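S.K.:
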Amino acid sequence: MPFSHPQPTAFPEAVFFDMDGTLIDSERLWDIAVEELSEHMGRRVDRETRERTLGASTETFFSVLSEYTGHAVDTPEELDRLKSILHARVAELFATELEWRPGARELLDALGAAGVPLALVTNTESALMAAPLEVIGESRFSAVITGDRVARSKPAPEPYLAAATALSVLPARAVAIEDSTTGATSAVGAGCMTLYVPSSPGQPDVPGVAARRDSLAGVDLGVLASLGGVEELRG
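In our numbering, the protein residues as written are 5 to 239.
1) What three-state label does DSSP hand residue 21 in the structure shown?
2) Expressed to the nearest angstrom, what Euclidean distance is found between the alpha-carbon atoms of residue 189 and residue 81?
3) Can you tell me whether residue 150 is buried or exposed? The criterion is at least 16 other CB atoms within 10 Å of its CB, across all chains shown.
4) Please say whether residue 105 and residue 28 have beta carbons closer to each other than 8 Å?
5) Where are the beta strand (DSSP E) runs, 3 residues long or more, that stay fully inside the stretch 106-142, in chain order?
6) For the beta strand (DSSP E) holding residue 28, just list the boundary residues, first then last.
7) What are the uninterrupted segments assigned as beta strand (DSSP E) that are 3 or more residues long and contained completely in the stretch 175-229, given in chain order?
8) Nearest to residue 46 by CA position, among 71, 64, 61 and 75, is which residue?
9) Which whole-angstrom value is the C-beta distance of residue 194 and residue 135, which I expect to be below 8 Å?
10) Assuming residue 220 and residue 107 form a contact by the criterion Cβ under 8 Å, report the distance between their Cβ atoms to the nearest whole angstrom.
11) Can you tell me whether residue 184 is buried or exposed? The criterion is at least 16 other CB atoms within 10 Å of its CB, across all chains shown.
12) Provide the residue span of the alpha helix (DSSP H) that contains residue 95, from first to last.
13) Relative to the alpha-carbon of residue 101, which residue among 213, 139 and 174 has its alpha-carbon at the smallest distance?
14) With 16 as the cutoff for other CB atoms within 10 Å, does residue 61 come out buried or exposed?
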């Protein structure tokens with residue numbers, strides 16, 4: 005599908021946000037649910053293994069936990085059973101304990117005020133999106149790309165390519181904001197200018213990211229514009 009550009013615009017023409025760990029402090033809630041699930045599967049997850057699951061697709065997530073715990077997830081029925089346990093617990097936690105990541109709401113507000121089109125791009129499945137979208141505000145986004153809406157989720161580039169198509173922009177004219185190596189790899193692979201804001205200490209660098217920061221606090225339109233080598237955005 006060709007991309008349309010009715011008139012020249014300043015960079016960025018769109019901003020794509022990851023959700024868990026980028027906009028909302030949900031990774032700590034996932035930590036609780038994953039620890040409980042791994043114990044159910046036979047072995048409490050350690051930090052290194054948990055980090056291997058950050059931002060992962062459902063298939064990769066359960067492959068890692070199966071390898072770590074020794075609990076076979078080799079039938080559709082067992083996969084569905086474990087997913088139901090995990091999703092029920094995550095939904096319960098999301099309903100009462102979601103909090104914003106530093107600077108995230110302020111950046112969304114500023115981009116919205118400037119009229120920059122936004123997309124939410126997450127590996128989280130649609131079934132778990134009700135509570136986060138209520139906190140974040142679904143109306144902020146022109147498109148919401150979830151993990152079950154694409155054939156290949158992050159770290160494949162397809163989610164970000166889908167967001168670019170939905171907003172009719174070239175990936176190179178958009179900024180993607182990510183907190184995990186999985187997500188940043190996806191965004192870079194799609195050709196987006198990528199701002200990498202790790203949600204936990206010790207995460208490795210991702211080749212090709214435009215910039216790395218400790219948090220979104222202080223990130224504004226000028227910072228995002230500078231990733232494309234310009235200092236001025238549309239008014």
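Built from N, CA and C at the ideal position, the CB exists for glycine as well.
Given the structure is predicted, the values throughout are model-derived calculations rather than measurements.
M.R.: Let me spell this out:
1) strand
2) 31 Å
3) buried
4) yes
5) 122-125
6) Element bounds for residue 28: n/a, residue is neither H nor E.
7) 178-182 and 197-200
8) 75
9) Actually they do not touch by this definition, with Cβ atoms about 27 Å apart.
10) 3 Å
11) buried
12) 80-101
13) 139
14) buried
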